[in-house]
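From first to last, the protein sequence lines stand for chains L and W.
For what it's worth, numbering that gives the first Met the number 0 labels the leading residue of the first sequence as 0, then goes sequentially.
For what it's worth, numbering that gives the first Met the number 0 labels the leading residue of the second sequence as 0, then goes sequentially.
Here is the structure we will look at.
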Amino acid sequence: MAKMIERRLLGYRLHLLIRLRDKKQFWDSYLPIRLAAIAERRDRRIAAIGLRTEAGLRSAAVAAGIDTPVAALERDARLKRLDERFAWKAKALVQSRRRALAKHPDDAGVAASFDRKDADLASRKETRRAAILLGNRPEGAGSAAAKEAYETRLKVAQDVSRIESERLAADAERVLARIHAEHQKKTSAIGARIARLEAGVASLKDASAAAELLPEGVHLRLKNLSMRFGGLLAVDNLSFDVRQGEIFGLIGPNGAGKTTIFNCITRFYRPTSGTMWYRRNAVETIRLNDFPVHDIVRQGIVRTFQNVELVWELSILDNLLVGAHTVYRSGFFHQLFHTRKLRREEEVMRARAMGVLATLGLAPYAFAYPYGLPYGILKKVEVARTLMAAPKLIILDEPAAGLNDKETEELAVLIRKIRDDYHATIFLVEHDMGLVMDVCDTVCAISFGKMLAIGTPAQIQANALVRQAYLGEES
Amino acid sequence: MTLLSYRAAAAVKRLKAVAKHPYFGFVLFGLVLIAFRLLSLGGLIPNSLMKPLVLTMIYAIVALGFSLLLGYGGLASLGTAGFVGLGSYVIGHFSGTLGYPFLATLAISLVGAVVLGAIVGFISLRIEGMYLAIITLGLSEILKEVFKSFNAFTNGVNGLGFRNFALFGLPVSDFAVDLIVIVVFILLIVGTLNIIKSPTGRALLAMKNSDSAAQSMGIGLMKYRLLAFVLATIYAVIGGMLYMADQKFSIPTTWTLDFSLNILAAVVVGGAQSITGILLGTFMIFGLNMTVLNNIPFFLAYPDATWILNGVLIILVTMFYPGGLIRLLLTVKFRLVKAVNILKKKWRRYRYGEDD
Numbered sequence: 000m001a002k003m004i005e006r007r008l009l010g011y012r013l014h015l016l017i018r019l020r021d022k023k024q025f026w027d028s029y030l031p032i033r034l035a036a037i038a039e040r041r042d043r044r045i046a047a048i049g050l051r052t053e054a055g056l057r058s059a060a061v062a063a064g065i066d067t068p069v070a071a072l073e074r075d076a077r078l079k080r081l082d083e084r085f086a087w088k089a090k091a092l093v094q095s096r097r098r099a100l101a102k103h104p105d106d107a108g109v110a111a112s113f114d115r116k117d118a119d120l121a122s123r124k125e126t127r128r129a130a131i132l133l134g135n136r137p138e139g140a141g142s143a144a145a146k147e148a149y150e151t152r153l154k155v156a157q158d159v160s161r162i163e164s165e166r167l168a169a170d171a172e173r174v175l176a177r178i179h180a181e182h183q184k185k186t187s188a189i190g191a192r193i194a195r196l197e198a199g200v201a202s203l204k205d206a207s208a209a210a211e212l213l214p215e216g217v218h219l220r221l222k223n224l225s226m227r228f229g230g231l232l233a234v235d236n237l238s239f240d241v242r243q244g245e246i247f248g249l250i251g252p253n254g255a256g257k258t259t260i261f262n263c264i265t266r267f268y269r270p271t272s273g274t275m276w277y278r279r280n281a282v283e284t285i286r287l288n289d290f291p292v293h294d295i296v297r298q299g300i301v302r303t304f305q306n307v308e309l310v311w312e313l314s315i316l317d318n319l320l321v322g323a324h325t326v327y328r329s330g331f332f333h334q335l336f337h338t339r340k341l342r343r344e345e346e347v348m349r350a351r352a353m354g355v356l357a358t359l360g361l362a363p364y365a366f367a368y369p370y371g372l373p374y375g376i377l378k379k380v381e382v383a384r385t386l387m388a389a390p391k392l393i394i395l396d397e398p399a400a401g402l403n404d405k406e407t408e409e410l411a412v413l414i415r416k417i418r419d420d421y422h423a424t425i426f427l428v429e430h431d432m433g434l435v436m437d438v439c440d441t442v443c444a445i446s447f448g449k450m451l452a453i454g455t456p457a458q459i460q461a462n463a464l465v466r467q468a469y470l471g472e473e474s
Numbered sequence: 000m001t002l003l004s005y006r007a008a009a010a011v012k013r014l015k016a017v018a019k020h021p022y023f024g025f026v027l028f029g030l031v032l033i034a035f036r037l038l039s040l041g042g043l044i045p046n047s048l049m050k051p052l053v054l055t056m057i058y059a060i061v062a063l064g065f066s067l068l069l070g071y072g073g074l075a076s077l078g079t080a081g082f083v084g085l086g087s088y089v090i091g092h093f094s095g096t097l098g099y100p101f102l103a104t105l106a107i108s109l110v111g112a113v114v115l116g117a118i119v120g121f122i123s124l125r126i127e128g129m130y131l132a133i134i135t136l137g138l139s140e141i142l143k144e145v146f147k148s149f150n151a152f153t154n155g156v157n158g159l160g161f162r163n164f165a166l167f168g169l170p171v172s173d174f175a176v177d178l179i180v181i182v183v184f185i186l187l188i189v190g191t192l193n194i195i196k197s198p199t200g201r202a203l204l205a206m207k208n209s210d211s212a213a214q215s216m217g218i219g220l221m222k223y224r225l226l227a228f229v230l231a232t233i234y235a236v237i238g239g240m241l242y243m244a245d246q247k248f249s250i251p252t253t254w255t256l257d258f259s260l261n262i263l264a265a266v267v268v269g270g271a272q273s274i275t276g277i278l279l280g281t282f283m284i285f286g287l288n289m290t291v292l293n294n295i296p297f298f299l300a301y302p303d304a305t306w307i308l309n310g311v312l313i314i315l316v317t318m319f320y321p322g323g324l325i326r327l328l329l330t331v332k333f334r335l336v337k338a339v340n341i342l343k344k345k346w347r348r349y350r351y352g353e354d355d
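Right, here's the structure in full:
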């Protein structure tokens, strides 16, 4: 009894620990986004001050016959526009000359009139050009008095703009420092709580009964699992272990019960008998049988589906956000009014989703809709979506189905990368033997719900029972 | 001068940023509606146009709630009429007959909506698709019979009248009712937009696409089905209250299957996932014959012909644009842009020679 209470207490503390870590991670990932936004606003405002100063000086500069840099830029742009416009006009003239000549091939007057029009066009262009180059300079521009007046105004304006920019920069600096301090305060408080909890958990760890249930290093244990559909025994008294951090492959001929096992683990099916033990974290072991389907992801188990199950009305990025559903902490009230909390959270999640998409090489598709995208991309998006929920155990249901050879090779690289980068255990069902033998550390072969063999890929390949199940009696 | 032009350019830039905000169009729409109402005070817009517009807005509120259910949750319901009727009787009985303060009436109706929505939501966990529609239809019919025979509450088949009610001690005029309708309408549009663009909206869509995928991502069916039904019921009850405040009369024969089917048609014809589409659809189903067709001599002579025209429009839209009127609009826009581009290209070829 005391032991049970102790375990409950430990479980509660671990739950709190996970939530606190989530919170800390949230603030940590929000900090750079916020800082970047403030720095960007500062830069924009300072640039605006520069432009405004320049605009205020423009008339004085014109009177003094002096080019300010922006005025020069604007003039260049106007000249360029002028050139383009007249190029089009010249082209049109050539075209109408050709048309007129085709109509009256031997009328000398036509050609002459077009020559006149050409000359006219050229002279008009020159006049415009000269006007632009002159600007709207009044008579006697560039006198010494005007220049002097410009100089004084420039000096004042520069001082004002410098002071204003410095003030803005200082303001931004202060805000940045404040945000840093706030963040420090917030995260250090959270960090202190985390440290306290971790210490408490560590002292309880030895006392916990976790070790009794699952030996060290085992992530998932299926014990005497059976699943009966009416008269059909789809899974027959099956037991195996999936070890922490490995890539575990489940193979078997069609109808062997592979997907049934997946559905049992993710609680879509209720197994007829047997237990599934799962190591949730260092000390806590849970019985998956006790959890409803939609709680499985909160334990760190995420699955993909044999057929792509994306939300077709949402962009790829939003699909990833659906995958992060359990990570959101904003309640309905925050969602209804789009409060700061939700907007902040959305920003962080978006940044996180973009990060995941970038690691998987899907960044160009972030804002595309799933309709019409290649199947290989959609499969990858499904894998990306699982990563949004910070999974410990990823269950892939035939990830290579429908992919071509090149895509399958990419997938193998991807699976290894996910295992290494996200420290997740990967459990997959696959028909593509090439992929299984390539990526898996352990392979388990089943047939008609019964275990045939378990071992390294090489052992499985050499196993007579497996060969028989796949190739028939003779071989 | 140059400084002024700089300032003007900066202001335009800021305005453009505001105009890009998703609320902007709807808020502008609301302001235009208020302007319409003010103009109709001066008699510039006839009341025969303004009254149907206000009624259409009330129906659009109901349709918005229904779209959360059908377009996002993928749950079909034919019980809308009962819930709208309930809202109208709640305000009619408690605010009108008994003279309760408005906030008390609002609280009663919201509690009623949550309870009713939760009941239907629970049913929807077990029963799906067509069967759910039939069950909700049955529920709505039960409510209708209750309206007919529960005389103390609804005044039975004679219908319940409604005096002008007081809001926070102030009597509410017809003009104020219309303003309230417009404001509530815009607020609910913004609220719907917020829900759609948040984890809840995405969860509802995920649930609609695939129950099992949604569950494997931690979306509890019970929570979100209940939520969808409760939201739809709240919208319907609010619509019913506004209906009573606007029409000042509610009779059980209004709250029949016809009404539910019309709401369903409005959502489907407009485009179940777009707010603009739903507004269009509601206008087509409810507003069109009241505002436009009733002013055409032919339809004045044969009033039932409006329903035929409506039916033909529904058939045409659903046959050729299953995505709804909004899809039609988008297609038209796309085609127009394409045609303009082609014309431009032709003109350039004619004017400037073979290359563009």
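Just so it is clear, CB atoms sit at the ideal spot from N, CA and C, and this is done for glycine as well.
Predicted model only: the values in this text are computed from it and were never measured.
Within 9 angstroms, strictly: CB atoms of residue i and residue j
i: L/V428; j: L/K257; result: yes
i: W/M216; j: W/G73; result: no
i: L/A63; j: L/K146; result: yes
i: W/I118; j: W/I237; result: no
i: L/R41; j: L/A180; result: no
i: W/G286; j: W/T55; result: yes
i: W/F298; j: W/N288; result: yes
i: L/M436; j: L/Q460; result: yes
i: L/R279; j: L/Q298; result: yes
i: L/Y370; j: L/V380; result: no
i: W/I57; j: W/L178; result: no
i: L/D294; j: L/K449; result: no
i: W/G155; j: W/P251; result: yes
Contact set between residue i and chain L, taken where Cβ atoms lie within less than 9 angstroms
i: W/M237; result: Strictly speaking, residue 237 of chain W in this sequence is Ile, with Met absent from that position. None at all; the shortest Cβ gap to chain L is about 14 angstroms.
Integer Cβ distance of residue i from residue j, believed to fall under 8 angstroms
i: L/T265; j: L/V307; result: Not quite, the Cβ-Cβ distance comes to about 17 angstroms (not below 8 angstroms), so this is no contact.
i: L/G49; j: L/S160; result: 7 angstroms
i: W/S139; j: W/L77; result: 6 angstroms
i: L/R302; j: L/F261; result: 7 angstroms
i: L/P390; j: L/A423; result: 5 angstroms
i: L/R136; j: L/V61; result: 6 angstroms
Residue i to residue j span [Cα, whole Å]
i: W/G269; j: W/L159; result: 32 angstroms
i: L/A121; j: W/R6; result: 37 angstroms
i: L/A463; j: L/D440; result: 20 angstroms
i: L/V442; j: L/G248; result: 5 angstroms
i: W/V336; j: W/G322; result: 20 angstroms
i: W/I133; j: W/A231; result: 17 angstroms
i: W/L102; j: W/S172; result: 18 angstroms
i: W/F137; j: W/R201; result: Rather than Phe, the amino acid found at residue 137 of chain W in this sequence is Gly. Rounded to the nearest angstrom, the two C-alpha atoms are 30 angstroms apart.
i: L/V109; j: L/D75; result: 37 angstroms
i: L/E312; j: W/S273; result: 11 angstroms
i: L/R18; j: L/A47; result: 43 angstroms
Buried/exposed call for residue i, threshold 16 Cβ in 10 Å
i: L/Q458; result: exposed
i: L/A209; result: Its pLDDT being 48, under 50, L/A209 is placed unreliably by the model, and the measurement read from it follows with that caveat. Buried is the call here.
i: L/L470; result: exposed
i: W/F319; result: exposed
i: W/M221; result: exposed
i: W/M283; result: buried
i: W/A340; result: It is Asn, not Ala, that sits at residue 340 of chain W in the sequence shown. Burial call: exposed.
Proximal chain W residues relative to residue i, where beta-carbon distance stays under 7 angstroms
i: L/Y327; result: P198
i: L/Q334; result: N193, I194, S197, P198, T199
i: L/F366; result: Within chain W, no residue comes near L/F366; the closest Cβ sits about 15 angstroms away, beyond 7 angstroms.
i: L/W311; result: N208
Chain L residues whose Cβ lies nearer than 7 angstroms to that of residue i
i: W/G219; result: H293
Near the ligand NAP: residue i beta-carbon under 8 angstroms from a heavy atom
i: L/E344; result: Judged by which ligands are present, the structure shown has none, so any question about the ligand NAP falls away.
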